[in-house]
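Participant: What follows is a single structure, and I will ask about it in a moment.
Residue numbers (my numbering): 79 to 478.
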């Protein structure tokens, strides 16, 4: 019961993470369920669905099929759909019910591959983990299938240094132009983006992923994939989300590509100074870290003292934590901290504001909403802020 959500909705699950990465690539995604999980993904975790031509289907699992393990019916249905729609690949995703009966997704995928002649994937996702586990599963599966041999030619301008962006799904960046702006930032500064794993990508680009000189992880869902690519292809990675004017991350990428040593500016957070303003950023670890860096740079220039703490709601990577950072395991832990009087200002998804007690509100604690699709779903996904915009700079300025 430790994961029980009383006020907050359940966060985006692993199958939504897998499907989100595959959504734009021209394949057929089949979620093996009785339509509940498919409806959850398309209705609440996928802002690109409305008006899209993407092929996302429910297997139509029924009680007797689940009890008897009638995989042949599932396979025949998928083959019939393939013959009608002609996808570039097929991906079969799991859900809680087939988890109980031990469905062999990889085995089904292999049979489908033989019978259809298409690349096929089987993802043993159960709906019990967060999307941050599903995203790297999909990226790594794509790399294993399509990035085995070194391509003869690199897409784009060969004279430009090249990078990949990892973790660019709408679950973190919403139904806005965030990812387009990330790509534009680098390309306008002479850096070619070979792949953006999550949004603004194509299946044809994936074989070129191993030609990148650097992987930039823009959200925590890209970390495990970056670690895999470092081990498999020898591509180093750094973490950072372009925010504000984007110069902090752009500077790091440029320094790395030039082979120069990079040194972080001294933190302007004052952890033990009672006179400083205490700020909590709750959300994705990598995005929150990047917002903290931006706030600290602003405060360093203005001379303002702040203590910025990152509270992680999803995967936590110790290598990217500071001493005062917090990993919230559940809603109860988050609620207790928000009402502990240990912070003066809070940046988090708007739905999290309801966890504040009336007493803590009256004490002067200020809340600043930063929509996160994986948390508030369709309630706020069209209100996600553009990180590279005057709007975001104004948001931070007003918060400070």
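Glycine included, every Cβ here is placed at the ideal spot set by N, Cα and C. Owing to the predicted nature of the structure, the values given are computational and were not obtained by experimental measurement.
1) Is residue 335 near residue 315, with beta carbons less than 8 Å apart?
2) Put residue 499 into one of helix, strand or coil per three-state DSSP.
3) Hey, would you say residue 201 sits closer than 8 Å to residue 226, going by beta carbons?
4) Taking only the alpha-carbon atoms, compute the straight-line gap between residue 479 and residue 437 and give it to the nearest angstrom.
5) Can you list, in chain order, the residues of its chain with a C-beta nearer than 7 Å to that of residue 252? Leave out the 5 residues immediately preceding and following it.
6) Indicate whether residue 269 and residue 241 have their beta-carbon atoms separated by less than 8 Å.
7) Relative to the C-alpha of residue 132, which candidate in 113, 148, 142 and 105 has its C-alpha closest?
8) Can we say the stretch 248-263 touches the stretch 183-192, given the rule of at least three CB pairs closer than 8 Å?
9) At what residues does the beta strand (DSSP E) containing residue 355 begin and finish?
10) According to the Cβ coordinates, are residue 425 and residue 406 closer than 8 Å?
11) Could you tell me the distance, in whole angstroms, from the CA atom of residue 478 to the CA atom of residue 321?
12) Which value, in whole angstroms, describes the spacing of the CA atoms of residue 82 and residue 412?
13) Just to confirm, are residue 109 and residue 147 a CB contact at a threshold of 8 Å?
14) Using a threshold of 8 Å, state whether the C-beta atoms of residue 387 and residue 404 are closer than that.
15) Helix, strand or coil: how does DSSP classify residue 321 here?
16) Start and end of the beta strand (DSSP E) containing residue 219?
17) Using C-beta distances below 6 Å, list every residue in its chain close to residue 299, excluding the 5 sequence neighbours before and after it, in chain order.
18) So what does DSSP say about residue 293, is it helix, strand or coil?
19) Contact defined as beta carbons within less than 8 Å: I believe residue 173 pairs with residue 111. What is the distance between those atoms, to the nearest angstrom?
20) How about residue 465 and residue 319: are their beta carbons less than 8 Å apart?
21) Among the candidates 274, 161, 256 and 208, whose CA atom is the shortest distance from the CA of residue 393?
22) Work out the CA separation of residue 398 and residue 435 for me, nearest whole Å.
23) Leaving out five residues before and five after residue 103 in sequence, what residues of the same chain have Cβ atoms less than 6 Å from its Cβ?
24) Just to check my reading of the structure: residue 361 and residue 427 have Cβ atoms closer than 8 Å, yes? What is that Cβ distance to the nearest angstrom?
25) Run the CB neighbour count on residue 129, radius 10 Å, all protein chains shown included, and call it buried at 16 or more, exposed below.
26) Please check the pair residue 372 and residue 326, which I expect to be a contact at CB under 8 Å, by giving their CB distance rounded to whole angstroms.
27) Taking buried to mean at least 16 other C-beta atoms within 10 Å of its own C-beta, is residue 432 buried or exposed?
28) Closer than 7 Å by C-beta to residue 136: which residues in its own chain qualify, once you throw out the five before and the five after it? Chain order, please.
29) Is it buried or exposed for residue 338, if we count other Cβ within 10 angstroms and need 16 for buried?
30) DSSP three-state call for residue 265: helix, strand or coil?
31) Can you tell me which residues form a DSSP beta bridge with residue 385?
32) Hey, out of 257, 139 and 265, whose CA is closest to residue 275's CA?
33) Per DSSP, what kind of secondary structure is residue 248 in: helix, strand or coil?
34) Cα-Cα, which of 457, 416, 467 and 455 is closest to residue 442?
Facilitator: Working from what's here:
1) Between residue 335 and residue 315, the C-beta gap is not smaller than 8 Å, which leaves the two residues out of contact.
2) Because the chain here runs from 79 to 478, residue 499 falls outside it and cannot be looked at.
3) no
4) The first residue shown for the chain is 79 and the last is 478, placing residue 479 beyond what the model contains.
5) Taking residue 252 as the centre and dropping the five residues before and after it, the same chain places the C-beta of 125, 449, 451, 459 and 462 closer than 7 Å to its C-beta, in chain order.
6) When the beta-carbon positions are compared, residue 269 and residue 241 come within less than 8 Å of each other.
7) 105
8) no
9) Judged by DSSP secondary structure, residue 355 falls within the beta strand (DSSP E) whose first and last residues are 355-361.
10) no
11) 16 Å
12) Within the model, the alpha-carbon separation for residue 82 versus residue 412 is close to 12 Å.
13) no
14) yes
15) DSSP, reduced to helix, strand and coil, places residue 321 outside both helices and strands of the structure shown, so it counts as coil.
16) Under the DSSP assignment, residue 219 falls outside any beta strand (DSSP E), being part of the alpha helix (DSSP H) whose first and last residues are 209-224.
17) 210, 213 and 245
18) strand
19) 4 Å
20) yes
21) 208
22) 31 Å
23) 281
24) Contact between residue 361 and residue 427 holds: their C-beta atoms lie close to 7 Å from each other, under 8 Å.
25) exposed
26) 6 Å
27) Residue 432 comes out exposed.
28) In its chain, beyond the 5 residues on either side, 109, 111, 113 and 116 have a beta carbon closer than 7 Å to the beta carbon of residue 136.
29) In the assembly as shown, residue 338 is an exposed residue. Its beta-carbon has fewer than 16 other beta-carbons within 10 Å.
30) helix
31) 356
32) 257
33) helix
34) The shortest Cα separation from residue 442 among 457, 416, 467 and 455 belongs to 416.
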